[in-house]
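Colleague: Here's a structure for you.
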Amino acid sequence: MRILGFESSCDETGVALVDASGPGVPRLLGHALHSQIEMHQAYGGVVPELASRDHIRRVLPLTEAVLAQAGLPLGDVDAIAYTRGPGLAGALLVGAGVAVSLAMALGKPVHGIHHLEGHLLSPFLSADPPEFPFVALLVSGGHTQLMRVDGVGRYDLLGETIDDAAGEAFDKSAKLLGLGYPGGPALARLAGQGDALAYRFPRPMLHSGDLDFSFAGLKTAVLTQVKRLAHARPEGPATSHLADPLTEQQKTDVAASAQAAIVEVLVKKSLAALKTTGLRRLVVAGGVGANALLRQQLDAACARAGVRVHYPELHLCTDNGAMIALAAGLRAQAGLLDTAAGAAYRFDVRPRWPLADLEPAST
Ligand code: KG4
Ligand code: ZN
Numbered sequence: 006m007r008i009l010g011f012e013s014s015c016d017e018t019g020v021a022l023v024d025a026s027g028p029g030v031p032r033l034l035g036h037a038l039h040s041q042i043e044m045h046q047a048y049g050g051v052v053p054e055l056a057s058r059d060h061i062r063r064v065l066p067l068t069e070a071v072l073a074q075a076g077l078p079l080g081d082v083d084a085i086a087y088t089r090g091p092g093l094a095g096a097l098l099v100g101a102g103v104a105v106s107l108a109m110a111l112g113k114p115v116h117g118i119h120h121l122e123g124h125l126l127s128p129f130l131s132a133d134p135p136e137f138p139f140v141a142l143l144v145s146g147g148h149t150q151l152m153r154v155d156g157v158g159r160y161d162l163l164g165e166t167i168d169d170a171a172g173e174a175f176d177k178s179a180k181l182l183g184l185g186y187p188g189g190p191a192l193a194r195l196a197g198q199g200d201a202l203a204y205r206f207p208r209p210m211l212h213s214g215d216l217d218f219s220f221a222g223l224k225t226a227v228l229t230q231v232k233r234l235a236h237a238r239p240e241g242p243a244t245s246h247l248a249d250p251l252t253e254q255q256k257t258d259v260a261a262s263a264q265a266a267i268v269e270v271l272v273k274k275s276l277a278a279l280k281t282t283g284l285r286r287l288v289v290a291g292g293v294g295a296n297a298l299l300r301q302q303l304d305a306a307c308a309r310a311g312v313r314v315h316y317p318e319l320h321l322c323t324d325n326g327a328m329i330a331l332a333a334g335l336r337a338q339a340g341l342l343d344t345a346a347g348a349a350y351r352f353d354v355r356p357r358w359p360l361a362d363l364e365p366a367s368t
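First residue of the sequence shown? That's 6 in our numbering, and the numbers climb one at a time after it.
Okay, here's the thing in structure tokens:
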């Protein structure tokens, strides 16, 4: 069964084709992605209306590129999948509209997939796929969650952020330092040259005794530190940007210290989740999963604890169509796709959609 998947929940248009025939992990036959980062950069963040319009422009050429890569005509597609939520409503509607129209034209079933399920299962496309059960650390721009995963569609929330997500903490700290959007990779790059011990930022909820996170206080601590450093400079406080008066060294040290605080909390809470569940396997997914320091520290901590850790391929950490096609493929293999409902060609999107609300057999 060949499944064509569409991702359009935010600022990447992703299309991919997987082959989910046979018992093995679905195989990626083609995959194309267009990132809108450059377009949104001028505004310092994602502009939802521009995102929707750009998805419209990109989605069909990307689909043609994927089919060309796979060397298959559209008629050889057996089912279609799209991101139903969570995400930006207008952006989601583009992918949903295209997916359902194509499916209807082809007379094939179509399935709405949960974006976080896509992230969660994306390490199955790596050279060293995980096995169930495992603890998942899902760290994206909008979510920070620890989950117990017993199989496809069997997800139990162990803990989550009570305010900002880890990616948001990266992005907001980067903004305070005058770095561009998206801030996570920029902050990580800068942090590489800094002293992580220069400033002691809070490790929120590190000892809360549960598996929840909180990152809003970190942003305030970074803001306070940047203001303090700016005021202490001879040229005084900000001209055009708050961080302008800081020396390059001060900026890199703030970046390194902020990154260290975020990473330490993520690593310690992941280890606590493994201990609580007694599981010996960790899967990391979502955009922040691309962070080199996080990978390095998780690798070291998991090696000490005798735990296997799995990551998606670097290019599949952030949003992409492959993870949506894959999630549909794994659901199909597990008998969790309702083909009757998938052939109804009705659709809606769910901009807010907790993973816990996902029924194992949802379509
Ligand atoms: O999973 P994703 O592409 O989108 C959402 O579903 O939210 O994650 C995007 C987030 C952004 O906050 C971005 O700054 C962060 O992932 N990110 C990183 C890195 N690469 C992406 N954060 C830290 N280090 C990175 N290397
Ligand atoms: Zn995402």
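By construction, the Cβ of each residue, glycine as well, lies at the ideal position given by its N, Cα and C atoms.
Just tell me which of G156, P359, S14 has its CA closest to the CA of Q338.
Modeller: One-based indexing of the sequence shown puts residue 338 at position 333. Looking at G156, P359, S14, the one whose alpha-carbon comes closest to that of Q338 is G156.
Colleague: Which residue comes first and which comes last in the beta strand (DSSP E) that contains E253?
Modeller: On the sequence shown, residue 253 is found 248 positions in, with the first residue counted as 1. Run containing E253: none in the beta strand (DSSP E); it sits in the alpha helix (DSSP H), 253 to 282.
Colleague: What is the DSSP secondary structure of T68, counted as helix, strand or coil?
Modeller: By 1-based counting over the sequence shown, the position of residue 68 is 63. Helix at T68.
Colleague: Give me the pocket residues for ligand 1, defined as CB within less than 5 Å of any heavy atom, sorted by chain position.
Modeller: S145, G146, G147, G172, F175, D176, P187, G189, P190, A193, G291, G292, V293, A295, N296, T323, D324
Colleague: Once the 5 residues before and after L121 are set aside, which same chain residues still bring their CB inside 7 Å of it?
Modeller: Residue numbering aside, residue 121 sits at position 116 when the sequence shown is read from its first letter. The answer, listed in chain order, is L143, H148, L360.
Colleague: Tell me whether L335 is buried or exposed, calling it buried when 16 or more other Cβ atoms sit within 10 Å of its Cβ.
Modeller: Position 330 of the sequence shown, counted from the start, is the residue given in the question as residue 335. When all chains shown are included, L335 counts as buried.
Colleague: Quick one: is D16 buried, meaning 16 or more other Cβ sit within 10 Å of its Cβ, or exposed?
Modeller: Position 11 of the sequence shown, counted from the start, is the residue given in the question as residue 16. It is buried - the Cβ of D16 has at least 16 other Cβ atoms within 10 Å.
Colleague: Take R300 and list the residues in its own chain whose beta-carbon comes closer than 7 Å to its own, dropping the five residues that flank it on each side.
Modeller: One-based indexing of the sequence shown puts residue 300 at position 295. These residues qualify, in order along the chain: Y316.
Colleague: Use the C-beta contact count for T229: other C-beta atoms within 10 angstroms, 16 or more gives buried, fewer gives exposed.
Modeller: If you number the sequence shown from 1, residue 229 lands on position 224. Exposed.
Colleague: For A290, list the residues DSSP reports as bridge partners.
Modeller: The residue given as residue 290 occupies position 285 in the sequence shown. Per DSSP, the beta bridge partners of A290 are L143.
Colleague: Roughly how many angstroms lie between the CA atoms of P114 and S40, to the nearest whole one?
Modeller: Walking along the sequence shown from the start, residue 114 turns up at place 109. Walking along the sequence shown from the start, residue 40 turns up at place 35. Computed Cα separation, rounded: 28 Å.
Colleague: Compare the C-alpha of A94 against each of V354, L363, D362 and name the closest.
Modeller: Your numbering for residue 94 matches position 89 in the sequence shown. The residue with the shortest Cα to Cα distance from A94 is V354.
Colleague: For E173, which three-state DSSP category applies?
Modeller: Stepping through the sequence shown from its first residue, residue 173 is reached at position 168. Here E173 sits in helix by DSSP.
Colleague: Suppose you measure from the CA of L97 to the CA of R58; what does that come to, to the nearest Å?
Modeller: Here the question's residue 97 lines up with position 92 in the sequence shown. Here the question's residue 58 lines up with position 53 in the sequence shown. Their backbone Cα atoms lie some 11 Å apart in a straight line.
Colleague: For ligand 2, I want to know if H119 counts as a neighbour, meaning its beta carbon is within less than 7 Å of at least one of the ligand's heavy atoms.
Modeller: In the sequence shown, residue 119 corresponds to position 114, counting from 1. Not one heavy atom of ligand 2 is found less than 7 Å from the C-beta of H119.
Colleague: Report buried or exposed for H60, applying the criterion of at least 16 other Cβ atoms within 10 angstroms of its Cβ.
Modeller: By one-based count along the sequence shown, residue 60 stands at place 55. H60 is buried by the Cβ-count criterion.
Colleague: Looking at G164: is its Cβ nearer than 8 Å to the Cβ of F175?
Modeller: For the purposes of this step, residue 164 is identified with residue 159 of the sequence shown, where counting begins at 1. For the purposes of this step, residue 175 is identified with residue 170 of the sequence shown, where counting begins at 1. Against a cut-off of 8 Å, the Cβ pair of F175 and G164 comes out as no contact.
Colleague: When DSSP builds the beta bridges, which residues end up paired with R313?
Modeller: By 1-based counting over the sequence shown, the position of residue 313 is 308. BP columns for R313 point to R286.
Colleague: Starting from I329, follow its DSSP beta bridges and name the residues at the other end.
Modeller: In the sequence shown, the residue the question calls residue 329 occupies position 324. Its beta-bridge partners do not exist; DSSP assigns none.
Colleague: Taking the alpha helix (DSSP H) that L151 belongs to, which residues open and close that run?
Modeller: If you number the sequence shown from 1, residue 151 lands on position 146. Not the alpha helix (DSSP H): L151 falls in the beta strand (DSSP E), residues 149 to 156.
Colleague: Is I85 helix, strand or coil when you go by DSSP?
Modeller: In the sequence shown, residue 85 corresponds to position 80, counting from 1. In the structure shown, I85 sits in a strand (DSSP, three-state: E or B).
Colleague: With DSSP collapsed to three states, give me the class of A323.
Modeller: Walking along the sequence shown from the start, residue 323 turns up at place 318. Note that residue 323 corresponds to Thr in the displayed sequence, not to Ala. T323 falls in the coil class under three-state DSSP.
Colleague: Please indicate yes or no: does the CB of H124 lie closer than 7 Å to some heavy atom of ligand 2?
Modeller: Residue 124 sits at position 119 when you count from the first residue of the sequence shown. For H124, the distance from the CB to the nearest heavy atom of ligand 2 is below 7 Å.
Colleague: In angstroms with no decimal places, state the Cα-to-Cα distance between H246 and T257.
Modeller: Position 241 of the sequence shown holds residue 246. Position 252 of the sequence shown holds residue 257. Cα to Cα, the separation comes out at about 16 Å.
Colleague: Can you give me the C-alpha to C-alpha distance between G10 and G102, rounded to a whole angstrom?
Modeller: Counted from its first residue, the sequence shown places residue 10 at position 5. Counted from its first residue, the sequence shown places residue 102 at position 97. Cα-Cα distance, rounded: 13 Å.
Colleague: Taking the DSSP output, what are the residues bridged to F218?
Modeller: As a first step, residue 218 must be located in the sequence shown, where it is residue number 213. Note: F218 sits in a beta bridge opposite T166.
Colleague: Quick check on the DSSP output: the beta strand (DSSP E) that includes S213 runs from which residue to which?
Modeller: Along the sequence shown, read from residue 1 onward, the residue named residue 213 stands at position 208. S213 -> no beta strand (DSSP E), and no H or E assigned at all.
Colleague: Over what stretch of residues does the alpha helix (DSSP H) that includes V99 continue unbroken?
Modeller: The sequence position of residue 99 within the sequence shown is 94, counting from 1. From DSSP, the alpha helix (DSSP H) with V99 extends over 94 to 111.
Colleague: Can you find the residues in the same chain that come closer than 8 Å, C-beta to C-beta, to P356, ignoring five residues on each side of it along the sequence?
Modeller: Here residue 356 corresponds to residue number 351 of the sequence shown, with the count starting at 1. Once the five neighbours on either side are set aside, the close Cβ partners of P356 are G90, P91, G92, L93, A94, L97.
Colleague: Would you report the Cα separation of Q302 and A110, rounded to the nearest angstrom?
Modeller: By one-based count along the sequence shown, residue 302 stands at place 297. By one-based count along the sequence shown, residue 110 stands at place 105. Between Q302 and A110, the C-alpha separation is close to 49 Å.
Colleague: L223 to G49, Cα distance in whole Å?
Modeller: As a first step, residue 223 must be located in the sequence shown, where it is residue number 218. As a first step, residue 49 must be located in the sequence shown, where it is residue number 44. So the alpha carbons of these two residues sit roughly 20 Å apart.
Colleague: Taking just the CA atoms, how far does A333 sit from D24?
Modeller: In the sequence shown, the residue the question calls residue 24 occupies position 19. In the sequence shown, the residue the question calls residue 333 occupies position 328. Straight-line Cα distance between these residues: approximately 11 Å.
Colleague: With distances taken between CB atoms, is the gap from V71 to H36 smaller than 8 Å?
Modeller: Taking the sequence shown and counting its residues from 1, the one referred to as residue 71 is at position 66. Taking the sequence shown and counting its residues from 1, the one referred to as residue 36 is at position 31. Contact: yes.
Colleague: Restricting to Cα atoms, I'd like to know which of L331, L182, Y350 is closest to S26.
Modeller: Within the sequence shown, numbered from 1, the residue matching residue 26 stands at position 21. Measuring from the Cα of S26, the nearest candidate turns out to be L331.
Colleague: How about A261 and A196: are their beta carbons less than 8 Å apart?
Modeller: By 1-based counting over the sequence shown, the position of residue 261 is 256. By 1-based counting over the sequence shown, the position of residue 196 is 191. Closer than 8 Å, so yes.
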